[in-house]
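Everything on this sheet refers to the single structure shown next.
Number of protein chains: 2
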Amino acid sequence: MKTDIEIAQEASLKPISEIAEELNLSLEDWEPYGHTKAKLSDKLLDKLSDKPNGKIILVTAINPTPAGEGKSTVTVGLGQALNKIGKKTVIALREPSLGPVMGIKGGAAGGGYSQVLPMEDINLHFTGDLHAITSANNALAAMIDNHIHQGNALHIDPRRIEFKRVMDMNDRALRQIVVGLGGPLRGVPREDGFNITVASEIMAILCLSNDLNDLKKRISNIVIGYTYQEEPIYVKDLAVEGALTMLLKDAIKPNLVQTIENTPAIIHGGPFANIAHGCNSILATKTAAKLGDYVVTEAGFGADLGAEKFLDIKTRAGNFEPDAVVIVATVRALKMHGGVPKNNLTEENVDALKAGMENLKKHIETIEGFGLPFVIAINKFPTDTENEVQYIEAWCNEHQYQVALTDVWAKGGEGGIELAEKLVHTIDSDNRNFTRVYELEDSLETKIRKIAHTVYGADDIELSSKAKKQLAFFEEQGWGNLPVCMAKTQYSLSDNPSLLGRPTGFSISIRELRPSIGAGFIVVLTGDVMTMPGLPKQPAALKMDVTEDGKIVGLF
Amino acid sequence: MKTDIEIAQEASLKPISEIAEELNLSLEDWEPYGHTKAKLSDKLLDKLSDKPNGKIILVTAINPTPAGEGKSTVTVGLGQALNKIGKKTVIALREPSLGPVMGIKGGAAGGGYSQVLPMEDINLHFTGDLHAITSANNALAAMIDNHIHQGNALHIDPRRIEFKRVMDMNDRALRQIVVGLGGPLRGVPREDGFNITVASEIMAILCLSNDLNDLKKRISNIVIGYTYQEEPIYVKDLAVEGALTMLLKDAIKPNLVQTIENTPAIIHGGPFANIAHGCNSILATKTAAKLGDYVVTEAGFGADLGAEKFLDIKTRAGNFEPDAVVIVATVRALKMHGGVPKNNLTEENVDALKAGMENLKKHIETIEGFGLPFVIAINKFPTDTENEVQYIEAWCNEHQYQVALTDVWAKGGEGGIELAEKLVHTIDSDNRNFTRVYELEDSLETKIRKIAHTVYGADDIELSSKAKKQLAFFEEQGWGNLPVCMAKTQYSLSDNPSLLGRPTGFSISIRELRPSIGAGFIVVLTGDVMTMPGLPKQPAALKMDVTEDGKIVGLF
Numbered sequence: 002m003k004t005d006i007e008i009a010q011e012a013s014l015k016p017i018s019e020i021a022e023e024l025n026l027s028l029e030d031w032e033p034y035g036h037t038k039a040k041l042s043d044k045l046l047d048k049l050s051d052k053p054n055g056k057i058i059l060v061t062a063i064n065p066t067p068a069g070e071g072k073s074t075v076t077v078g079l080g081q082a083l084n085k086i087g088k089k090t091v092i093a094l095r096e097p098s099l100g101p102v103m104g105i106k107g108g109a110a111g112g113g114y115s116q117v118l119p120m121e122d123i124n125l126h127f128t129g130d131l132h133a134i135t136s137a138n139n140a141l142a143a144m145i146d147n148h149i150h151q152g153n154a155l156h157i158d159p160r161r162i163e164f165k166r167v168m169d170m171n172d173r174a175l176r177q178i179v180v181g182l183g184g185p186l187r188g189v190p191r192e193d194g195f196n197i198t199v200a201s202e203i204m205a206i207l208c209l210s211n212d213l214n215d216l217k218k219r220i221s222n223i224v225i226g227y228t229y230q231e232e233p234i235y236v237k238d239l240a241v242e243g244a245l246t247m248l249l250k251d252a253i254k255p256n257l258v259q260t261i262e263n264t265p266a267i268i269h270g271g272p273f274a275n276i277a278h279g280c281n282s283i284l285a286t287k288t289a290a291k292l293g294d295y296v297v298t299e300a301g302f303g304a305d306l307g308a309e310k311f312l313d314i315k316t317r318a319g320n321f322e323p324d325a326v327v328i329v330a331t332v333r334a335l336k337m338h339g340g341v342p343k344n345n346l347t348e349e350n351v352d353a354l355k356a357g358m359e360n361l362k363k364h365i366e367t368i369e370g371f372g373l374p375f376v377i378a379i380n381k382f383p384t385d386t387e388n389e390v391q392y393i394e395a396w397c398n399e400h401q402y403q404v405a406l407t408d409v410w411a412k413g414g415e416g417g418i419e420l421a422e423k424l425v426h427t428i429d430s431d432n433r434n435f436t437r438v439y440e441l442e443d444s445l446e447t448k449i450r451k452i453a454h455t456v457y458g459a460d461d462i463e464l465s466s467k468a469k470k471q472l473a474f475f476e477e478q479g480w481g482n483l484p485v486c487m488a489k490t491q492y493s494l495s496d497n498p499s500l501l502g503r504p505t506g507f508s509i510s511i512r513e514l515r516p517s518i519g520a521g522f523i524v525v526l527t528g529d530v531m532t533m534p535g536l537p538k539q540p541a542a543l544k545m546d547v548t549e550d551g552k553i554v555g556l557f
Numbered sequence: 002m003k004t005d006i007e008i009a010q011e012a013s014l015k016p017i018s019e020i021a022e023e024l025n026l027s028l029e030d031w032e033p034y035g036h037t038k039a040k041l042s043d044k045l046l047d048k049l050s051d052k053p054n055g056k057i058i059l060v061t062a063i064n065p066t067p068a069g070e071g072k073s074t075v076t077v078g079l080g081q082a083l084n085k086i087g088k089k090t091v092i093a094l095r096e097p098s099l100g101p102v103m104g105i106k107g108g109a110a111g112g113g114y115s116q117v118l119p120m121e122d123i124n125l126h127f128t129g130d131l132h133a134i135t136s137a138n139n140a141l142a143a144m145i146d147n148h149i150h151q152g153n154a155l156h157i158d159p160r161r162i163e164f165k166r167v168m169d170m171n172d173r174a175l176r177q178i179v180v181g182l183g184g185p186l187r188g189v190p191r192e193d194g195f196n197i198t199v200a201s202e203i204m205a206i207l208c209l210s211n212d213l214n215d216l217k218k219r220i221s222n223i224v225i226g227y228t229y230q231e232e233p234i235y236v237k238d239l240a241v242e243g244a245l246t247m248l249l250k251d252a253i254k255p256n257l258v259q260t261i262e263n264t265p266a267i268i269h270g271g272p273f274a275n276i277a278h279g280c281n282s283i284l285a286t287k288t289a290a291k292l293g294d295y296v297v298t299e300a301g302f303g304a305d306l307g308a309e310k311f312l313d314i315k316t317r318a319g320n321f322e323p324d325a326v327v328i329v330a331t332v333r334a335l336k337m338h339g340g341v342p343k344n345n346l347t348e349e350n351v352d353a354l355k356a357g358m359e360n361l362k363k364h365i366e367t368i369e370g371f372g373l374p375f376v377i378a379i380n381k382f383p384t385d386t387e388n389e390v391q392y393i394e395a396w397c398n399e400h401q402y403q404v405a406l407t408d409v410w411a412k413g414g415e416g417g418i419e420l421a422e423k424l425v426h427t428i429d430s431d432n433r434n435f436t437r438v439y440e441l442e443d444s445l446e447t448k449i450r451k452i453a454h455t456v457y458g459a460d461d462i463e464l465s466s467k468a469k470k471q472l473a474f475f476e477e478q479g480w481g482n483l484p485v486c487m488a489k490t491q492y493s494l495s496d497n498p499s500l501l502g503r504p505t506g507f508s509i510s511i512r513e514l515r516p517s518i519g520a521g522f523i524v525v526l527t528g529d530v531m532t533m534p535g536l537p538k539q540p541a542a543l544k545m546d547v548t549e550d551g552k553i554v555g556l557f
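Residue numbers (our numbering), protein chains in the order written: chain A, 2 to 557; chain B, 2 to 557.
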């Protein structure tokens, strides 16, 4: 079987100018980055404001398992399939982070015959957005330490600096460090640590901004830490929001590429889906909706995290509504949720599948709770048996759920036509009544309780004493009307990663809150959240190489 | 008077496709990065190997002073002037580092009507080369700490890791840090520190590589540190040179832009001029020599550092010879060398000028020692008086030196025509007999002594006990046949930055050596060399902003 990179390197890409022409873009609307990548103008959305919006389809999934669900692959395949059935479609995806690429095999560019291309560039430096975010983040960090070094007029408490440096790399040695050692010429010593770039608040801001001005305003509202008197200090107090915005003036422009079947794809932004909202940028999604009659987009992890945040955070910041949802599952992953260990997944096991369906069921209920029409996509794997597939179909029929088998990895758009047709039909019947989980006017605690109860199925929440104090303090600061962004394990509906399927009778422990006032949400931590990954014993990088003629090998 | 950025924003740029066409480049030879930047293929040099080389003109200067010399501005202006007199010329420059842009006003894009454009992009992220170098550098650093964390099969001594992480930022708090704190999940604690990206050995390697293979080979030879038994450990021992080369596959491609007068300029690479060799890439210079009948290029700091390294290191690695040298000076800077404080430079002072000429004289002797023809460029400032200028001209006539006044900041190429004509005449008379300062077969100590004696005018060198041990150890390792790269203050011919003019009767103190085996030289440290700058009390970033329509203000 061919690998993703082999399939990618055999593909026939159109010049990006041709893709741009097919989208009726004029030369002022886009800039080339090489022959197969482009940046769209950040003014394009405004220019197209009179055009009606295309239908927005959100692709989400069950709780992820090591078996793999293929959410990005289905997103790309579905976009290709819609084009195949004559619906002008644009895909909107997140851009991958370089760090994990070096660490473990896997990217966010889809797979097989449902990939976005050029996959090497997209998985490496792409058009430099993550590098620009790293620069802006670290310029701010340097300004903070410089401010303290130069006399600390703002009385920043060096023990209470919340804003960390970032690096787009898996580098565990930077998780906890001490900076500023070596005497008065080397700054003021303090404890610090690096996050991976996608965990930067600036990444979340870039993805939630409607334009460059909005971006600058949000940056000025980042809380970098607290004074000795525990008053919050904002970026605007340091007066560097102009310089940081300048560093992001190109990064805010959405990137245009194409899939292996030449379907246009806008790939832009990629915040963490735990301490941030895990969706591509508002500019990407909304620009795609102006350029296509249909937009297929995705959110991180399962529906409990990514879709909830897409619907409660992103659609609010961008002031738009989705038209339908796709919930992706695989036979393998459902069997894992039903208790089968990873090594036994190739064996038929309808009983385990049946048990695992409960996980899917909960996510379906969540989407129903949002009042959105949906289609279930069962993403095919070669080891799926006839009995297993029939069981799922029967189960869906019994519950009157729309379901489609997809085979987009192997067949590209052709493998997603059933899904595409069912979706178009579902959207056309248009019976949606979009309702969010909470109101902005709810207190922060009420918002957390509503999500825990209705989305996770928890009986209760348990607030640590720190979280209780923070809830009061944050409300006092006037931050109570912001959405909450739950940082919970992606593997379980609960906060315990080992509870698969549909756990019941549990509480969600709320350890700590963090203000992302620039991004415009309050992060709620339900456990230890790793914001700087490490490399494995045998990093994927060991297999990577580039041949004499510049061809990349071993990337995937 | 207009600022550089105001002049730049009023300029009329040609589409980069037009510049590429004028250079007879076909579509496979270049890729666009926006409408006014491009990357040239790293295969272009090879493709043009049958074409004769253009004449290579190196622009260097007296020892820099706070008064400013304008070496980059003269380089750009001279390129424009040569085109004006009908000589097809391509300029080859270094790319600026983002860190200093945020810190203090000043970039490496020339000034006034002798700038390379788009100056905002060039001074910010440009085509991402520095970001790619940062990524490759930090991927290697993460691999080193991961190797130790995962069991340390290579027995890397955590106290003897020479390879540091980098950031393209002025961030003094990162100069001396402790990483790996926080227990077994967070790596192995050790002392560490960040350099600024331009101080990365990978930057020097990129600039000294003749192609992608050469780059990979050089990367595999980086010494990252030593075992507990003090044996050097190379990147090839970690087997990650393939992945690092992959990260640099686009960064190795030279960047094509244009000047304010639409003269083509190749801007590529920018290593430090103290712990590295301070020149743009070999690929940039040699590609420019294939595309133009004349190439104007520059080297960092004064002739004692930049030109010496250009001639002893870069021309060896690239196997080429320059055809002529321009030595830039200003009346103001010469007066500073003659003892005038910065605040009194506007007053006429022929006596001080006369004393300061000794600094110029020493650099002239150095270039004569290399056997190269040269022209002195006196870069005009509005405060220069008639008497001062006449004194310099008389002095040059007396010594039979070619001299030209340039006014390229205010007049662009027009202000450099005298210089251009004298240079063409000088090159045509072709009486050069290029000879380097030392032979590769000389011992490391002999190489250091030859540079100190003939280029700096020192009586002797003093070796610290550490340096003595290292000289023996490095020779033992088989590194003795590499060129040496002197890390000395740029402000003085001596190793004492306060000794201006032409100091005599001094020794050069050699504190320490560092192996840059990948780059292919031994760094010789003559004092404390700062490899991570800090921000000033009022960083330039405070004035920077971007308007609603994306226009940058306050950058310069």
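Think of the CB as a built atom: it goes at the ideal place given N, C-alpha and C, for glycine as much as any other residue. Note that this is a predicted model, so its numbers are computed, not measured.
For residue i, which residues of its own chain have a beta-carbon under 6 Å away from its beta-carbon, when the five flanking residues on both sides are left out?
i      : result
A/Y295 : G55, K56, L83, K88, T90
A/K448 : Y439, V485
A/M337 : T66, A68
A/P16  : H36
Which bits of chain B does residue i rub up against, with CB to CB less than 9 Å?
i      : result
A/G181 : R173, A174, L175, R176, Q177, I178
Can you tell me where the beta strand (DSSP E) with residue i in it begins and where it stops?
i      : result
B/E192 : 191-193
B/C486 : 485-488
B/W31  : 31-33
A/V332 : Where A/V332 is concerned, there is no enclosing beta strand (DSSP E), although the alpha helix (DSSP H) it sits in stretches over 332-338.
B/N360 : Run containing B/N360: none in the beta strand (DSSP E); it sits in the alpha helix (DSSP H), 351-370.
B/P265 : 265-268
Considering only DSSP beta bridges, list what residue i is partnered with.
i      : result
A/E59  : For clarity, residue 59 of chain A is Leu in the given sequence; the question names Glu instead. For A/L59, which the question treats as bridged, DSSP gives the partners A/T298, A/V326.
A/G112 : A/S115
B/E463 : B/S510
B/P67  : Per DSSP, none; premise fails for B/P67.
Strictly below 8 Å CB to CB, what residues from chain A border residue i?
i      : result
B/S136 : L99, H126, H132, D169, M170
Apart from the five residues on each side of it in sequence, which residues of its chain come closer than 7 Å, Cβ to Cβ, to residue i?
i      : result
A/T246 : L213, L216, K217, I220
B/L1   : Past the boundaries of the shown model lies residue 1 of chain B; chain B is included only from 2 to 557, so the question cannot be answered.
B/S444 : E476, G481
Chain A partners of residue i, CB-CB under 7 Å?
i     : result
B/A68 : Those do not exist, as B/A68 stays about 26 Å from chain A at its closest Cβ, beyond 7 Å.
B/L1  : Within the shown structure, residues of chain B are numbered from 2 to 557, placing residue 1 of chain B beyond reach of any answer.
Over what stretch of residues does the alpha helix (DSSP H) that includes residue i continue unbroken?
i      : result
A/D5   : 5-11
B/L79  : 72-85
B/V425 : 418-430
B/T407 : Taken as a continuous stretch (DSSP letters only), B/T407 belongs to no alpha helix (DSSP H), being part of the beta strand (DSSP E) at 404-407.
Name, please, each residue of chain B whose Cβ falls closer than 7 Å to the Cβ of residue i.
i      : result
A/K538 : Q151
Looking only at its own chain, which residues have a Cβ that is under 8 Å from the Cβ of residue i, when we skip the five neighbours before and after it?
i      : result
B/T548 : V554
Which bits of chain B does residue i rub up against, with CB to CB less than 8 Å?
i      : result
A/R187 : R173, A174, R176, Q177
### Query
Which ranges would you report for the alpha helix (DSSP H) in the region 117-194 of chain B if only whole runs of at least 4 residues count?
DSSP assignment within the region 117-194 of chain B yields the following whole alpha helix (DSSP H) runs of 4 residues or more, N-terminal first: 120-124, 130-150.
### Complete beta strand (DSSP E) runs within the region 193-263 of chain A (minimum length 3 residues, chain order)
For the region 193-263 of chain A, the continuous beta strand (DSSP E) assignments of 3+ residues that do not extend past its boundaries occur at 195-197, 224-228, 233-235, 256-260, in sequence order.
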